[in-house]
Amino acid sequence: MTLSVSFRVNELVATNWNASWESNFEPVTVGSFLHIRAAFHPPFFQAQHEIIITPKMSFGTGHHATTRLMVSEMSLLKWHQKKVFDFGTGTGILAILAKKLGAEKVLAIDNDPWSIHNALENCNANQCSSIQLIQADQPPATERFDIILANINAFILKEQLPTLAAMLAPGGQLLLSGLLEEDQQEIQLLCKQQALALQAIEKMAGWIMLRVAC
8 MTLSVSFRVN
18 ELVATNWNAS
28 WESNFEPVTV
38 GSFLHIRAAF
48 HPPFFQAQHE
58 IIITPKMSFG
68 TGHHATTRLM
78 VSEMSLLKWH
88 QKKVFDFGTG
98 TGILAILAKK
108 LGAEKVLAID
118 NDPWSIHNAL
128 ENCNANQCSS
138 IQLIQADQPP
148 ATERFDIILA
158 NINAFILKEQ
168 LPTLAAMLAP
178 GGQLLLSGLL
188 EEDQQEIQLL
198 CKQQALALQA
208 IEKMAGWIML
218 RVAC
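Under this note's numbering, the letters of the sequence shown match residues 8 to 221, in that order.
Okay, here's the thing in structure tokens:
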């Protein structure tokens with residue numbers, strides 16, 4: 008039996024991935040409330056708040072519907088002197104916004120070390136170095152918070168909902184996203200089982216955001 012072997016060599020053209028990313032990253036504006044941009048974009052003075060984000064490999068640039076839903080709902084809440092927990096912080100965008108809106112304390116966790124490093128860079132870029140960032144899989148069940156932000160995948164939300172509910176201070180509010188419209192019925196039932204009352208539900212491009220309170 009005769010075997011034939013063939014091969015070819017392709018030359019890979021050197022690519023400046025940072026330049027490629029910069030050319031494709033567009034600023035995001037959420038109404039007149041928030042403008043999200045990279046450091047290489049010019050400032051935007053028509054929004055109430057502005058956040059500078061370098062996303063790298065982390066989630067949370069404002070382009071995804073779930074982030075926009077969370078930001079829109081955050082614009083309606085009172086933040087002064089509130090303790091805030093951001094579960095699955097990604098780029099840190101929601102934690103940074105909470106701090107800019109007046110939160111007294113912000114704790115943010117993510118299980119990805121790269122995300123924590125990226126979130127730290129973004130916190131420093133937005134003069135929010137007081138935000139506490141921790142690499143962790145599990146929420147800190149012994150602490151209590153006035154507002155909890157959880158924009159993460161539906162499986163983790165459903166699994167961690169009892170813990171998140173127990174972490175709410177009396178009268179506390181929990182914002183949930185990373186959920187598809189098809190998840191709505193199940194997540195509402197799970198919230199009801201945790202004695203969490205539905206305060207608001209918003210939808211965008213097949214995704215939903217729920218705000219519930221204890």
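Ideal Cβ positions, reconstructed from N, Cα and C, are used throughout, including at glycine. Just so we're clear, the structure is a prediction, and the values are computed from it rather than from any experiment.
Quiz item: Cα separation between residue 78 and residue 92?
Solution: Going from the Cα of residue 78 to the Cα of residue 92 covers about 15 Å.
Quiz item: So what does DSSP say about residue 44, is it helix, strand or coil?
Solution: Residue 44: strand per DSSP, three-state reduction.
Quiz item: So is residue 131 buried or exposed if we call it buried at 16+ other beta carbons inside 10 Å?
Solution: Under this definition residue 131 is an exposed residue.
Exercise. Could you work out which residue in 177, 135, 80 is closest to residue 106 when comparing CA atoms only?
Key: Of the candidates 177, 135, 80, the one whose C-alpha sits nearest the C-alpha of residue 106 is 135.
Quiz item: residue 145 to residue 162, Cα distance in whole Å?
Solution: If I take the Cα positions, the gap works out to 14 Å.
Quiz item: With 16 other CB atoms within 10 Å as the buried threshold, where does residue 185 fall?
Solution: Note on residue 185: 16 or more other CB atoms within 10 angstroms of its CB, so buried under the neighbour-count rule.
Self-check item: Residues of its chain near residue 170, where Cβ-Cβ distance is below 6 Å and the 5 sequence neighbours each way are ignored
Solution: 146, 148.
Quiz item: DSSP state of residue 124, grouped into three classes?
Solution: It is helical.
Practice problem: For residue 180, count neighbouring C-beta atoms within 10 Å of its own C-beta (all shown protein chains included) and say buried if the count is 16 or more, exposed if not. | Solution: Residue environment analysis places residue 180 among the buried positions, since at least 16 neighbouring C-beta atoms fall within 10 angstroms of its C-beta.
Practice problem: Determine which residues share a DSSP beta bridge with residue 32 and list them. | Solution: Residue pairing from DSSP leaves residue 32 without any beta-bridge partner.
Quiz item: Where does the unbroken beta strand (DSSP E) through residue 216 begin, and where does it stop?
Solution: Per DSSP, the continuous beta strand (DSSP E) segment holding residue 216 begins and ends at 214-220.
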